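According to my numbering, the residues represented by the sequence shown are -18 to 457, in order. Beta carbons: idealized from backbone N, C-alpha and C, even for Gly. Here the structure is a predicted model, which means the values were calculated and not measured. Shown next, in structure tokens, is the structure this report addresses.
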Amino acid sequence: MKESNSKSKDENLGGTIREVKDYREVLNYSKKVLDFIANDELETSDIKWISKETVNNFRDYVNPGFLEYRKSVTENGEFAAVEWKDSGLNSFVDVNGKEYIDCLGGYGIYNVGHRNPKILKAVTDQLKHQALHSQELLDPLRAALAKLLADITPGNLQYSFLCNSGTEAVEGAIKLAKLHQQKNGKHYFMAATGAFHGKSLGSLSATSKGLFRKPFMPLVSGFKHVLYGDIDMMYKTVKTSSMVGEDIAAIMLEPIQGEGGIIIPPKDYLAKVRQLCDDFGIIMIADEVQTGMGRTGKMFCVEHYDVKPDIMCLAKALGGGIMPVGAVIATEEIFKNFFPNPFIHTTTFGGNPLACAAAIATISTLIEDNIPERAEKMGNYLMTGLKNVTSKYPSLVKEVRGMGLMIGIEFTNNKIGYSVSKGLFDKGVLVAGTLINAQTIRIEPPLTIEKAQCDIVCEALDKVLLNVESAKLALV
């Protein structure tokens, strides 16, 4: 329960008695937390204090639901594994010193590893000059990052709006498409079943899972969904929509569905979507928030299919695992609708100097260290190992699939998936399910993961699957 701060009474100039907050407890508590941040090593008393405070504060001030959801929390909610610091590029430790190989990658943000020294240096160097910008003068790093994004993205993508997250990038893409297509009388959007594009009201309208959508109905109007990977259904829906005067303005797709369960479409699907968009004058939006920045073995996943979208959404790994950064990049033909009034869509913190420094260093590191190529090579190695292990447990595992280091393991039911995820956590390997398809756990480690760590992951998975299979047989 929330505790009341001590208050005293004071009389202002008008003679009215008012209460004055006593902030001494707040000051003392904040200083204690700042001391925790400043520590290089933790004493036993520090560990006990921060562990207890974290659980209690989640229960009382964040959301008690997380204490039931997180596999790092004991059943009675009295103890939880609490994060402490990174431990090399591919792992981190909790406050008790237990190390975890990170095969979740912050849902795809650590493509260049944890605390990559090149990214960290760029951010700390910029911090010596300036953290945020004035909002009035021209900021050089925003301009430099926008140029780099135009240079590395496919096709004629040129202008960027910089923001803080993937959801914001999607919101920007929707607004760009609306603004461009309204003169053509096209106001409807199409997305796919299994899609995840965010949870703000606009992006949620494109996201497909009813569990997320229903509590906030009605959403932004004009969104239609078709089966992912079914080009015939998409064509028929586009054609029918046109016949009844509900012309499609834009089609938004993930090249590989991440939260949908690492769903890879047919090889010719994206190319056919591109052709469909060309035939009907539809904007193609590629949501590369999770698939971009080298994750699938190329800088961007659409490059596997030689597809050039009209708008691309980026975030997650763009900030190098150091800063939150998002971007929506569009062709000049589409983005020029923002030219007459550049304040029609703005953000206070998007494109700030620290974020831009991180993103610039990330792009440099991805290229200099051949990270996309490394993702392809290590992805093949890890995928082979995972398939060799899971092939021994056909009653538990339906499929291992993926591209590069974006890998999913689909189990025969949700409970098995959670049991495996929990078992791996106990053995120091962090994985998690996907938000749309709970039967599938994702394997998305930093693209810097080493072969020896891949071997440890596969060995741990083998032991966990054996335990789960034994427990399952015991119940029969």
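Item, Value
"Sub-8 Å separation of residue 182 and residue 151 beta-carbons", "no"
"Supposed close pair residue 339, residue 304 - CB separation, criterion 8 Å", "4 Å"
"Span separating the alpha-carbon of residue 423 from that of residue 62", "21 Å"
"Presumed contact (8 Å Cβ cut-off) between residue 247 and residue 278, rounded CB distance", "That belief does not hold up - the Cβ atoms of residue 247 and residue 278 are roughly 18 Å apart, past 8 Å."
"Proximity below 8 Å, CB of residue 425 to CB of residue 242", "no"
"Inter-residue spacing [alpha-carbon to alpha-carbon] between residue 360 and residue 146", "26 Å"
"Residue span of the beta strand (DSSP E) that contains residue 81, given as start and end", "80 to 83"
"Proximity below 8 Å, CB of residue 158 to CB of residue 230", "yes"
"Distance, residue 20 Cα to residue 267 Cα", "43 Å"
"Residue burial classification, residue 122 (beta-carbon count within 10 angstroms, cutoff 16)", "buried"
"Cβ-based burial, residue 26 [other Cβ within 10 Å; buried from 16]", "exposed"
"Nearest neighbour of residue 328, chosen from 114, 191, 215 and 34 [CA to CA]", "114"
"As assigned by DSSP and simplified to three states, the class of residue 410", "strand"
"CA-to-CA distance, residue 240 to residue 416, given in whole angstroms", "5 Å"
"Where residue 414 falls, given that 16 or more other Cβ within 10 Å makes a residue buried", "buried"
"Through-space distance from residue 116 to residue 311, alpha-carbon basis", "23 Å"
"Cβ shell of residue 400 (< 6 Å), same chain only, five flanking positions each side left out", "449"
"Straight-line Cα distance separating residue 332 from residue 217", "40 Å"
"Simplified DSSP assignment, three categories, for residue 169", "strand"
"Spatial distance of residue 11 from residue 222 (CA atoms)", "57 Å"
"Three or more C-beta pairs below 8 Å linking the region 94 to 102 and the region 342 to 352", "yes"
"Of the residues 346, 371 and 285, the one placed nearest residue 357, counting alpha carbons only", "285"
"Neighbour-count burial assignment, residue 352, 16 or more Cβ in a 10 Å radius", "buried"
"DSSP three-state assignment for residue 110, whether helix, strand or coil", "helix"
"C-alpha gap between residue 308 and residue 143, whole angstroms", "4 Å"
"Stretch-stretch touch, CB-based, cutoff 8 Å, three pairs: the region 179 to 194 with the region 252 to 264", "no"
"Residue 236 classed as buried or exposed, judged by whether at least 16 other C-beta atoms fall within 10 angstroms", "buried"
"Beta-bridge pairing of residue 352 - partner residues as DSSP gives them", "Answer is none; residue 352 lacks a bridge partner."
"Presumed contact (8 Å Cβ cut-off) between residue 176 and residue 238, rounded CB distance", "7 Å"
"Sequence-distant residues of the same chain with beta carbon closer than 8 Å to residue 81, five excluded per side", "72, 73, 74, 75, 406, 409, 410 and 411"
"Coil, strand or helix - residue 234 by DSSP", "strand"
"For residue 450, the residue or residues it bridges with in DSSP", "Bridge partners of residue 450: none, in fact."
"Where residue 194 falls: helix, strand or coil (DSSP)", "helix"
"Short Cβ contact (8 Å threshold) for residue 275 with residue 295", "no"
"Nearest-angstrom Cα separation, counted from residue 68 out to residue 32", "19 Å"
"Distance between residue 149 and residue 188 (C-alpha atoms, nearest Å)", "14 Å"
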